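Worksheet for the structure shown next.
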Amino acid sequence: MTTEGGGSLLFDPDEPVWIHKENFLCAFTAPELMARYGCEYRIEGGGGGGGSSRASPWDDVGGEGGPTSRTLTIYDRDPDDGGRILSDGRPPVLGPVDLATEDGRKGLSEFF
Numbered sequence: 000m001t002t003e004g005g006g007s008l009l010f011d012p013d014e015p016v017w018i019h020k021e022n023f024l025c026a027f028t029a030p031e032l033m034a035r036y037g038c039e040y041r042i043e044g045g046g047g048g049g050g051s052s053r054a055s056p057w058d059d060v061g062g063e064g065g066p067t068s069r070t071l072t073i074y075d076r077d078p079d080d081g082g083r084i085l086s087d088g089r090p091p092v093l094g095p096v097d098l099a100t101e102d103g104r105k106g107l108s109e110f111f
């Protein structure tokens with residue numbers, strides 16, 4: 000994360016405070032960087048309907064179907080081919096990481 004002045008903003012998960020959305024990395028704050036990547040986000044497991052979904056209404060951790068995982072995989076895009084995601088047998092640049100776990104969230108934050 001960065002602040003408006005370009006300085007570093009440290010977030011303490013043990014004492015969270017509100018942070019303005021401008022402090023987060025996104026297509027608005029870093030369009031060139033974010034355009035380099037394509038991603039796949041999957042929600043799997045959980046109760047209710049079970050199975051796998053990209054936006055499951057039954058996304059409850061530890062439901063009848065067991066724990067829910069939220070995996071994110073990030074791939075490079077090909078700038079010479081209209082931004083096509085390069086997932087054709089090439090390893091991802093990150094992941095898959097499970098964002099439902101502390102290790103997964105830490106891996107994503109260290110990537111960016």
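Numbers 0 to 111, taken from numbering that gives the first Met the number 0, label the letters of the sequence shown in order.
Ideal placement from N, C-alpha and C gives every residue a C-beta, glycine not left out.
The structure displayed is predicted, hence computed values, not measured ones.
In this structure, DSSP gives E43 an extended state, which the three-state scheme calls strand. Straight-line measurement puts the Cα of A29 at about 19 Å from the Cα of L71. Selection G44, Y74, D79 evaluated against P66 yields G44 as nearest (Cα-Cα). Between V92 and L107, the C-beta gap is not smaller than 8 Å, which leaves the two residues out of contact.
Ranked by Cα distance from E39, the options W17, T100, F111, G94 are led by G94.
Rounded to whole angstroms, D102 and E109 show a C-alpha spacing of 10 Å.
Going by DSSP, R35 is part of no beta strand (DSSP E) at all; its letter is neither H nor E. Linking F23 to P90 through their CA atoms gives a straight-line distance of about 26 Å.
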